[in-house]
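So the structure is just underneath, and the comments pick up after that.
There are 2 protein chains.
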Amino acid sequence: MNHPDVLERLRSVLGRGLITDPKALKPYETDGITAIREVPWLVALPDSEAQIEAVLAVCREHGVPVVARGAGTGLSGGARPVADGLVLGLSRLNQILEIDLENAVARVQPGVRNLAITEAAAAHGLYYAPDPSSQIACSIGGNVAENSGGVHCLKYGLTVHNVLGVKLLCIDGQVLQLGGKLMDSPGYDLLALTMGSEGMLGIVTEVTVKLLPTPPCKRVVLAAFSEIAGAADAVGAIIAEGLIPAGLEMMDGLAIQAAEDFVHAGYPTDAAAILICELDGVAAEVESDLALVSRILKAQGAFNIRVATTVEEQERLWLGRKAAFPAVGRISPDYYCMDGTIPRAKLAEVLASIGQLSEQYGLAVANVFHAGDGNLHPLILYDSNQAGQLAGAEEMGGRILELCVAAGGTVTGEHGVGVEKLDQMCVQFGSAELEQMHRLKAAFDPQGLLNPGKAVPTLTRCSELGGMHVHNARLPFPNLPRF
Amino acid sequence: MNHPDVLERLRSVLGRGLITDPKALKPYETDGITAIREVPWLVALPDSEAQIEAVLAVCREHGVPVVARGAGTGLSGGARPVADGLVLGLSRLNQILEIDLENAVARVQPGVRNLAITEAAAAHGLYYAPDPSSQIACSIGGNVAENSGGVHCLKYGLTVHNVLGVKLLCIDGQVLQLGGKLMDSPGYDLLALTMGSEGMLGIVTEVTVKLLPTPPCKRVVLAAFSEIAGAADAVGAIIAEGLIPAGLEMMDGLAIQAAEDFVHAGYPTDAAAILICELDGVAAEVESDLALVSRILKAQGAFNIRVATTVEEQERLWLGRKAAFPAVGRISPDYYCMDGTIPRAKLAEVLASIGQLSEQYGLAVANVFHAGDGNLHPLILYDSNQAGQLAGAEEMGGRILELCVAAGGTVTGEHGVGVEKLDQMCVQFGSAELEQMHRLKAAFDPQGLLNPGKAVPTLTRCSELGGMHVHNARLPFPNLPRF
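Protein chains in written order, with this note's numbering: chain Y, 1 to 483; chain P, 1001 to 1483.
Shown next, in the form of structure tokens:
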């Protein structure tokens, strides 16, 4: 595509904030899921809302697709560019506009890093709860786009539960003020609709987030199991007891070994699975919960239960979990990180099925995940230099997501749909839900200029896959072709 | 309206569940806000999803408006019938379908009473958190329609934060499965969109709610202040300290006196305002929070701080608050309960302005409200037998809602918009937001058959009011005409 007038108008708006040089465009071809890539026509790096408005006006008038991008850490290809489109990078809008203590909220620009909010609030004893693994780098705008989670979302919720307001710039130039500093807002909940909408309904130019008091006390316990099923069942038993830990993570044998070899966290490498449980609150509450969790873990057959007694030991227990992904990267040339969610009651069953898929495809799987909320992250190990392994990993990943749906779960936990999971949306939803999503998209963006081709598959795509709609644990197509 | 074929088809679907007799229709003419009334053409009382589907099909084919109704306890006229329409009463769908302990959720039909969920879960040490005052009677379907709150929503959130899934029957006959038992769901968040949508997007036929562990310990403290502003500032000080009480309620002098005369709760009738603060959790946490709250209350100038030492005393402290509305009903022939929300920081200022309005209109106001989340419930006392007082109360109520918007707040806290607050929606939102809401409605219900005329005003209505859109504390029209 080449529109001299588009370029000229954008240049006059953006100056050096417009990138057209192919070498400079290259870093924008992919987000965190690097197997999915496309070099965009243009990249715009506005530094004000006024510039964003002007860029959208040009794109609207000339029919140029717009792909919003935060920090580029997304894991489902939500910010993958389109070849004839513009990437709207929001990293320069990185100001914390207000920390309002009386209302316990922060008002920030979309390019502010997740962790920067907590850093700014920490002096006041407050923090922003959702903490994706990428929190040091990922932006709050990207968190809104993907409805991001993190280790602590079991207790504190996803992005949708922690954002009180956004300013949404629509493709028609209208500015919507959605929500604010308060819990409720009248009318249809356009605010919640914006969460997880992957930049397809509008451009978020401001976000107001809830700040929570920093818990005065944290304790961490690690439990080792000789069977994966034992660890899985312990997760359900903890929740069924009425406990909501701040975090409840699980790692299987392969992940344990990889992490231990990498960071020497002191993990029991003879375990088939470990659970790491963090409890937070006031000291007395945490201690009584810790005692109860320890009793449950023991009753569920944990052969080794270790409670960190110092802050250093706590950090060491977490270190292995936090380093698990790069640790797996050390033992395999490539890995593919999946993201799906299942009811806790099905953990043992689904993990066993993933094991069977692993054998069937001849690809090892390491499981490192948010067990408490049933949010699986199977890492499929493969070697892209071995013919067929990438395709095998992708196919197997799709099968895992379909397993999640069949178990009564969903094809995403916290990474969004992007382009990665378009086919599985055909499994998750029937034509009624998907048609309704398309009608809703058209009500915001009738030309379909905002992030085209993401998150919600066309019905044609779904029907080409050979069938649609699973509810009540019926799996429709065992041999899906993959993208 | 009279369509013999409509009646015949509905009769064959519903049998005795179709009401056409004018005397039997009369009880359905209003919901909890009895000043807003209209006798419907028909009332349908289906007892199954299949019947609802069949009723919707008839209405769709014949263009009959459909107003869904739960228990009829709503306070904004959301279930007010339309004269040529059908009221779809959902009270017969009152089954608790499942209590799933491992996932800590309940799956229920829409007609199940709010409190019935907690009663069913109590044996397992669990409960459903949102607790509107009407919880003994109101239905979960109605809670979804209005995004209901309650005393404890400060800590535990509104309906939108506690519902994980709904089954939504659309007017075109499609059934949408939105969410489920899990926290996240891919695609646009149609689930959250359903919350507070007042039956205008579809009919909710099943609801899956989160269950929380019953807190093992509760403590209640009452503090008396000689100035309303002192109590208001104490609310902000408690939150700014990082505490999130389970409930933090405020009553002003008139409400205190009325409640005390009615139930003899032992309230200090010499106080200009009292705060009632409930803390919950494990005992040690609650005790340390209680000590901190007491210190803050004292530092903020409370002249009387009373901590309940027995369960009976706790119940007595709550009794006055819970009986406050009927207590006000004893001292005034009529009262009009408003519902708006403001940032906590503006409590003192807005309460002072409400006092000025009270003088200006010559109508007393009693304030009894959820101070912790800034959710005001001014009760305007009037006598409908005195010429002009009803109109005065309605006009003054509108002014109060506009004050809320001007203070950076919203025109609803937990009662929804219904028909009551249509004019104030013109103050809350600009044409951009309202247009977008109408586009969204059309994407669900292009014929506009579902609960027409509620929640989102037409732009014509707004422009007839003489102006639109306040942001940043500018009040556009001081002398609005009222409905």
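The C-beta atom is built at its ideal place from N, Cα and C for all residues, glycine as well.
Within the stretch 76 to 110 of chain Y, those residues whose Cβ lies closer than 8 Å to any Cβ of chain P are, in chain order, 100, 101, 102, 103, 104.
Assigned with DSSP and collapsed to three states, residue 1462 of chain P falls in helix.
If you look at residue 1351 of chain P, you'll find it isn't in any beta strand (DSSP E); it sits in the alpha helix (DSSP H) that goes 1347 to 1361. In this structure, the straight-line span from the alpha carbon of residue 1422 of chain P to that of residue 1077 of chain P is close to 10 Å. Near chain Y, meaning a CB-to-CB distance below 9 Å, the residues of the stretch 1119 to 1142 of chain P are 1124, 1125, 1126. Under the Cβ criterion of 9 Å, residue 1209 of chain P is not counted among the residues facing chain Y.
The C-beta of residue 1181 of chain P comes closer than 9 Å to at least one C-beta of chain Y. Annotation: residue 378 of chain Y to residue 287 of chain Y spans about 32 Å, alpha carbon to alpha carbon.
Taking residue 449 of chain Y as the centre and dropping the five residues before and after it, the same chain places the C-beta of 59, 60, 63, 64, 65, 66, 171 closer than 8 Å to its C-beta, in chain order.
Annotated as distal: residue 343 of chain Y and residue 418 of chain Y, with beta-carbon spacing of 9 Å or more.
The beta-bridge partner set that DSSP reports for residue 1278 of chain P consists of P:1220, P:1247. Residue 1337 of chain P does not reach chain Y, its nearest Cβ partner there being about 16 Å away, counting only Cβ pairs nearer than 8 Å. Annotated three-state conformation of residue 337 of chain Y is strand, per DSSP. The C-beta distance from residue 1256 of chain P to residue 1274 of chain P rounds to 6 Å, short enough to fall under 8 Å. Listed by position along chain P, the residues whose Cβ is nearer than 9 Å to that of residue 421 of chain Y are 1186.
At a C-beta separation below 9 Å, residue 1153 of chain P has these neighbours in chain Y: 183, 184.
Distance check between residue 1454 of chain P and each of P:1225, P:1082, P:1153 places P:1082 closest, using alpha-carbon atoms only. Restricting attention to Y:208, Y:187, Y:186, the CA atom closest to the CA of residue 195 of chain Y is found in Y:208. Residue 1016 of chain P sits exposed, since fewer than 16 C-beta atoms from the chains shown fall within 10 Å of its C-beta.
For residue 42 of chain Y, the closest alpha carbon among the candidates Y:34, Y:36, Y:33, Y:69 is that of Y:69. Residue 370 of chain Y carries a strand assignment under DSSP once its states are collapsed to helix, strand and coil. Excluding residues up to 5 positions away in sequence, 456 lie with their Cβ nearer than 6 Å to the Cβ of residue 437 of chain Y in the same chain. A distance of 9 Å or more separates the beta carbons of residue 1198 of chain P and residue 1414 of chain P. For residue 403 of chain Y, same chain residues with a beta-carbon under 6 Å away, outside a window of 5 residues either side, are 350, 353 in chain order. Nearest neighbour of residue 1400 of chain P by Cα position, chosen from P:1383, P:1347, P:1056, turns out to be P:1347. In its chain, beyond the 5 residues on either side, 332, 333, 334, 389 have a beta carbon closer than 8 Å to the beta carbon of residue 383 of chain Y. The stretch 1301 to 1318 of chain P and the stretch 1214 to 1228 of chain P touch, with three or more beta-carbon pairs separated by less than 8 Å. Taken through DSSP and simplified to helix, strand or coil, residue 225 of chain Y comes out as strand. Counting along the chain, the unbroken beta strand (DSSP E) around residue 1381 of chain P starts and ends at 1378 to 1382.
Boundaries for residue 1206 of chain P: no alpha helix (DSSP H) harbours it, while the beta strand (DSSP E) harbouring it runs 1203 to 1210, taken from the DSSP string. Proximity of residue 1289 of chain P to chain Y, defined by a Cβ-Cβ separation below 9 Å, is satisfied. Taking a contact to require three or more Cβ pairs closer than 8 Å, the stretch 1147 to 1155 of chain P and the stretch 1122 to 1136 of chain P qualify as touching. Residue pairing by DSSP puts residue 1100 of chain P in a beta bridge opposite P:1105. For residue 144 of chain Y, the enclosing alpha helix (DSSP H) begins and ends at 140 to 146.
The beta carbon of residue 1066 of chain P does not come within 9 Å of any beta carbon belonging to chain Y, so the residue lies off that interface. Sequence-distant Cβ neighbours of residue 301 of chain Y in its own chain, meaning closer than 6 Å and more than five residues away, are 230.
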